[in-house]
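First residue of the sequence shown: 8, per this note's numbering; consecutive thereafter. Just so you know, even glycine gets a beta-carbon here, dropped at the ideal spot from N, CA and C. As the structure is a computational prediction, the values presented were derived from the model and not from experiment.
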Amino acid sequence: MVIVVTGSTLGCIDADKAQEKNLTLEDIKSENESIRQDAIGNLGNIGDEQSTDILIGILLDTNESDEIRISAVKALEETGDGKAISPLISVLEENDPSLLIEISETLVQFGDPATEMLISTFADNGKPEFRTNLMYVLCMIADEDIDYFIEKLNDDDINTRRNTAFVLAELGDERTLDALIVALEDDDWIVRRQAARGLGNIGHKKAVAPLIQAMGNTSEAREIRSNAAIALGQIGDDEAVEPLIQALEDDDWLLPRSAATALGEIGDTKAVPELTAALKRDEDLTVLNAAMALEKLDGSGVDKLIDLLDDDDKDVQKNAAYALAGIGGEKAIGPLIDLLEDANEHEDARAAAASSLGTIGDTDAVLPLIRVLEDETEPTAVRKSTISALRRIGDERATKPIIEGLKDDDPQIREAAAFALGEMGDESALDALILSLEDENWRVRISAIKALQNFDDDKTLLPISDLLEDDYWAVRKTASQTLSTIGSQQAIPPLIEAIGVEKEKDVKTAMVRSLGDIDDGSSIDLFIQLLQDKSEFRSVREAAVIAIGKPGNEQALDPLIQLMLDETEAIELRLEAANSLGRIGSHDAIDPLSRISQDPGEHYDLRTAAQEAIANIGSVP
8 MVIVVTGSTL GCIDADKAQE KNLTLEDIKS ENESIRQDAI GNLGNIGDEQ
58 STDILIGILL DTNESDEIRI SAVKALEETG DGKAISPLIS VLEENDPSLL
108 IEISETLVQF GDPATEMLIS TFADNGKPEF RTNLMYVLCM IADEDIDYFI
158 EKLNDDDINT RRNTAFVLAE LGDERTLDAL IVALEDDDWI VRRQAARGLG
208 NIGHKKAVAP LIQAMGNTSE AREIRSNAAI ALGQIGDDEA VEPLIQALED
258 DDWLLPRSAA TALGEIGDTK AVPELTAALK RDEDLTVLNA AMALEKLDGS
308 GVDKLIDLLD DDDKDVQKNA AYALAGIGGE KAIGPLIDLL EDANEHEDAR
358 AAAASSLGTI GDTDAVLPLI RVLEDETEPT AVRKSTISAL RRIGDERATK
408 PIIEGLKDDD PQIREAAAFA LGEMGDESAL DALILSLEDE NWRVRISAIK
458 ALQNFDDDKT LLPISDLLED DYWAVRKTAS QTLSTIGSQQ AIPPLIEAIG
508 VEKEKDVKTA MVRSLGDIDD GSSIDLFIQL LQDKSEFRSV REAAVIAIGK
558 PGNEQALDPL IQLMLDETEA IELRLEAANS LGRIGSHDAI DPLSRISQDP
608 GEHYDLRTAA QEAIANIGSV P
């Protein structure tokens, strides 16, 4: 007797093998971990599609022990089924060291398909720990097959070249040196940019000449010229000093910044005069980088910046003040206070001085900052900057003066004061912030609302709820969003009332979303009414559909099913209806969801949502 089984490695198995498999499937459910590990190994040997799916499920189940999941990794390697590659890569995001090595070794065995997916995932994902783990695997692969990467760097497909260049830039493997030098002339600017970065990470002098050429090409993209300059600094060859000095005077804003950093890395003092001149450039980060380079070369960077606080050019003063926030330390506090308190200096330079004092964070600056804040004759820009600085320093002596700022004649000062008090979180500011909810300026009211969400106090709920009726739409929207953040169900009645009269689409949508966040089940009738009203804004209906999708809301099943099945409705609404049915978790929804999922004429995204909803319902006890 022959039993046909769909699988990745077996076309058929005989009855004895089928019985063995059934026993294995029973053993998978055992409470004995050793028995389960043996069963998992057997599934790897069987290697059919069902076995692979079961193994993937075990791998992805974070409730399983590491030992069981590692057994699943090894078994998936045994199956050789490429469908395991994506799940294996996804587990790397968990950043579990015990799984990392096993998964890495398994992915290496899957060969080129795994490498391609790893490269693509690395290029598309921005999570640092995940990228570190992906790079760990890619380094293992590169150790065995660097030629694969070099070949892909010459691929006809632009995205393949981009992704490969990105990975090679991170690898910094000297075996790719020649390939990356060639890639500096690739047709695609992103490939060229990554090639320059990679050459810097490799750090070989052979790359100096082509990097100098790339940096000096004025028709080249600024990012590539900048990366070339940084790479030259990493390599540290004296041949690059003169070209980098010339780059300090480039008309572009980015290249001089990078050139200054590179000159600091190389450490040749012949660059001191040009770096000193760069301290007067009208670009604050170039000034900072030049000063940092000078600190490395001869220790003069901070002193020269302090001298420039007295410069006749207010932009030079301003940039010097901002730069001192990065490297000035205690040495800069006195000169910055002097600039702040000098009413004859330009307000931009004084505001920059206040900002830097806040960044440095020394409490010696608190009283001078308060004096400037309390002087209502001072320019608005300077006073706002003092509020920000005092907020960042966080000294309690600043709380009362900032509270007084809520009464200032200038609405910009009142707005800045409300924001600062919210960030500082001092309970003594609570009553004053509540009063600011009645400010005549709508920006101040919004700032006060946002500040109050940082206070855990029931007395904020009612006054914020009152602003659901504010004349200005942005205030009403902010109030509704803040009520969601506060999370009190006491806000349900005022939100329901406000939704009933609101005319602005964005505001009403925000209100429905907020109500959904805090609803205790008492708002179901309203949500059903909104989702069934075809004259209502679509975004409002969509928010109602999402809000109603909570376990136990079986009253909403029929309206949601009708909406999902209605082909005249927008696909976005139908899709969210399917999602909500999945979250409610009632088995009564499986039949209509199945009809949608199996209908080839339906939209792909809707069919997928229906399938996922069925899976969610299936996991509900």
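For residue 55, the three-state DSSP class (helix, strand or coil):
Numbered from its first residue, the sequence shown carries residue 55 at position 48. It is a strand residue.
So, with DSSP's three-state summary, where would you put residue 105?
Within the sequence shown, the letter at position 98 stands for residue 105. The three-state reading of DSSP puts residue 105 in helix, counting H, G and I together.
Quick one: give me the first and last residue of the alpha helix (DSSP H) that residue 544 is part of.
In the sequence shown, counting from the first residue as 1, residue 544 sits at position 537. Neither: residue 544 is in no alpha helix (DSSP H) and is coded neither H nor E.
Just to confirm my understanding: we take residue 291, look at its own chain, exclude 5 residues before and 5 after, and list those with CB closer than 8 Å. What are they?
One-based indexing of the sequence shown puts residue 291 at position 284. These residues qualify, in order along the chain: 325, 326, 329, 330.
Option in 447, 415, 89, 402 with minimal Cα separation from residue 430:
As a first step, residue 430 is located in the sequence shown; it is residue number 423 there, counting from the start. For the options 447, 415, 89, 402, the alpha carbon positioned closest to that of residue 430 is the one of 402.
So the alpha helix (DSSP H) residue 618 belongs to, where does it begin and stop?
As a first step, residue 618 must be located in the sequence shown, where it is residue number 611. Taken as a continuous stretch (DSSP letters only), the alpha helix (DSSP H) holding residue 618 covers 611 to 625.
What alpha helix (DSSP H) runs, 4 residues minimum, are completely inside the segment 152 to 178?
Segments of the alpha helix (DSSP H) lying fully in the segment 152 to 178: 165 to 178.
Per DSSP, what kind of secondary structure is residue 37 in: helix, strand or coil?
Within the sequence shown, residue 37 is the residue found at index 30, counting from 1. Three-state DSSP puts residue 37 in coil, outside helix and strand.
Go through the segment 460 to 539 residue by residue and report every complete run of the beta strand (DSSP E) that reaches 3 residues or more, in order.
List check, beta strand (DSSP E) in window: nothing returned.
Should residue 602 go down as buried or exposed, given a rule of 16 or more other Cβ atoms within 10 Å for buried?
Taking the first residue of the sequence shown as position 1, residue 602 is located at position 595. Residue environment: residue 602 is assigned as exposed (fewer than 16 neighbouring CB atoms within 10 Å of its CB, all protein chains considered).
Kindly indicate which residue of 469, 261, 511 has the alpha-carbon position closest to the one of residue 499.
Sequence index remark: in the sequence shown, residue 499 carries index 492 (1-based). Comparing C-alpha distances from residue 499 to each of 469, 261, 511 shows the shortest one belongs to 469.
Give the single residue among 149, 227, 133 whose Cα lies nearest to the Cα of residue 194.
One-based indexing of the sequence shown puts residue 194 at position 187. Sorting 149, 227, 133 by C-alpha distance to the C-alpha of residue 194 places 227 at the top.
Would you please state the rounded distance, in angstroms, between the beta carbons of residue 388 and residue 397? I believe it to be under 8 Å.
Walking along the sequence shown from the start, residue 388 turns up at place 381. Walking along the sequence shown from the start, residue 397 turns up at place 390. No, residue 388 and residue 397 are not in contact; Cβ-Cβ is about 15 Å, not under 8 Å.
Terminal residues of the continuous alpha helix (DSSP H) containing residue 333?
Here residue 333 corresponds to residue number 326 of the sequence shown, with the count starting at 1. Under the DSSP assignment, residue 333 falls in the alpha helix (DSSP H) whose first and last residues are 321 to 334.
Fully enclosed by the segment 247 to 292, which alpha helix (DSSP H) runs are 4 residues long or longer?
DSSP runs (the alpha helix (DSSP H)) wholly in the segment 247 to 292: 248 to 254, 261 to 273, 279 to 285.
Using the Cα positions of residue 14 and residue 152, report the straight-line distance between them to the nearest angstrom.
To locate residue 14, count along the sequence shown from 1; it is residue 7. To locate residue 152, count along the sequence shown from 1; it is residue 145. Confidence at residue 14 is low in this model, with a pLDDT of 41, below 50, so the placement of that residue should be treated as unreliable; the coordinate-derived value is given next. Spanning the two alpha carbons is a distance of roughly 30 Å.
Taking just the CA atoms, how far does residue 233 sit from residue 178?
Residue numbering aside, residue 178 sits at position 171 when the sequence shown is read from its first letter. Residue numbering aside, residue 233 sits at position 226 when the sequence shown is read from its first letter. Cα to Cα, residue 178 sits roughly 20 Å from residue 233.
The alpha helix (DSSP H) spanning residue 208 covers which residue range?
Taking the first residue of the sequence shown as 1, we reach residue 208 at position 201. Counting along the chain, the alpha helix (DSSP H) containing residue 208 begins and ends at 196 to 209.
Where do the ends of the alpha helix (DSSP H) carrying residue 365 lie?
Locating residue 365 in the sequence shown gives position 358, where the first residue counts as 1. Following the DSSP letters along the chain, one finds residue 365 inside the alpha helix (DSSP H) bounded by residues 354 to 367.
Sequence-distant residues of the same chain with beta carbon closer than 6 Å to residue 77, five excluded per side:
Position 70 of the sequence shown, counting from 1, holds the residue named residue 77. Counting only Cβ-Cβ distances below 6 Å, and skipping sequence neighbours, we find 109.
Thinking C-beta only, is residue 98 closer than 8 Å to residue 66?
Counted from its first residue, the sequence shown places residue 66 at position 59. Counted from its first residue, the sequence shown places residue 98 at position 91. Taking the C-beta atoms as reference points, residue 98 is found nearer than 8 Å to residue 66.
Does the Cβ-Cβ distance between residue 156 and residue 144 come in under 8 Å?
Locating residue 156 in the sequence shown gives position 149, counting from the first residue. Locating residue 144 in the sequence shown gives position 137, counting from the first residue. Contact: no.
Rounded to whole angstroms, what is the Cα-Cα separation between residue 581 and residue 594?
Start at 1 with the first residue of the sequence shown, and residue 581 comes out as number 574. Start at 1 with the first residue of the sequence shown, and residue 594 comes out as number 587. Each residue's alpha carbon lies about 19 Å from the other.
Label residue 31 either buried or exposed according to how many other C-beta atoms from any shown protein chain fall within 10 Å of its C-beta, with 16 as the threshold for buried.
For this step, residue 31 is matched to residue 24 along the sequence shown. By the 10 Å Cβ count, residue 31 comes out buried.
How many angstroms separate the CA atom of residue 419 from the CA atom of residue 476?
For the purposes of this step, residue 419 is identified with residue 412 of the sequence shown, where counting begins at 1. For the purposes of this step, residue 476 is identified with residue 469 of the sequence shown, where counting begins at 1. In this model, residue 419 and residue 476 are separated by some 24 Å (Cα to Cα).
C-alpha gap between residue 483 and residue 381, whole angstroms:
Taking the first residue of the sequence shown as position 1, residue 483 is located at position 476. Taking the first residue of the sequence shown as position 1, residue 381 is located at position 374. The straight-line gap from Cα to Cα measures roughly 32 Å.
By Cβ distance below 6 Å, which residues in the same chain neighbour residue 392 in space, the five residues on each side in sequence not counted?
As a first step, residue 392 is located in the sequence shown; it is residue number 385 there, counting from the start. These residues qualify, in order along the chain: 358, 361, 362.
Distance between residue 264 and residue 255 (C-alpha atoms, nearest Å):
For the purposes of this step, residue 255 is taken as residue 248 along the sequence shown, with counting starting at 1. For the purposes of this step, residue 264 is taken as residue 257 along the sequence shown, with counting starting at 1. Linking residue 255 to residue 264 through their CA atoms gives a straight-line distance of about 7 Å.
If I measure Cβ to Cβ from residue 590 and keep anything under 6 Å in the same chain, skipping five residues before and after, which residues do I get?
Position 583 of the sequence shown, counted from the first residue, corresponds to residue 590. Cβ neighbours of residue 590 beyond the five flanking positions: 556.
Exposure of residue 59, with buried meaning 16 or more beta-carbon neighbours within 10 Å:
As a working note, residue 59 is residue 52 in the sequence shown. Buried.
Hey, residue 548 and residue 537: beta-carbon distance below 8 Å or not?
Taking the first residue of the sequence shown as 1, we reach residue 548 at position 541. Taking the first residue of the sequence shown as 1, we reach residue 537 at position 530. Taking 8 Å as the cut-off, the beta carbon of residue 548 is found closer than this to the beta carbon of residue 537.
Can you name, in chain order, every residue of its own chain whose Cβ lies under 6 Å from the Cβ of residue 412, other than the five neighbours on each side?
As a working mapping, residue 412 is identified with position 405 in the sequence shown. Shown here for residue 412: same chain residues with a beta carbon closer than 6 Å to its own, the five before and five after excluded, namely 420, 424 in chain order.
Roughly how many angstroms separate the alpha carbons of residue 113 and residue 504, rounded to a whole number?
Stepping through the sequence shown from its first residue, residue 113 is reached at position 106. Stepping through the sequence shown from its first residue, residue 504 is reached at position 497. If you draw a straight line from the Cα of residue 113 to the Cα of residue 504, it comes to about 58 Å.
Classify residue 604 as buried or exposed, calling it buried when 16 or more other Cβ atoms lie within 10 Å of its own Cβ.
Reading the sequence shown from its first residue, position 597 is the one you call residue 604. Here residue 604 is buried, its C-beta having at least 16 other C-beta atoms within 10 Å.
Would DSSP call residue 386 helix, strand or coil?
For the purposes of this step, residue 386 is identified with residue 379 of the sequence shown, where counting begins at 1. DSSP places residue 386 in coil when its eight states are reduced to three.
Looking at C-alpha atoms only, which residue of 451, 479, 447, 433 is the closest neighbour of residue 464?
Taking the sequence shown and counting its residues from 1, one reaches residue 464 at position 457. Nearest option by C-alpha distance: 433.
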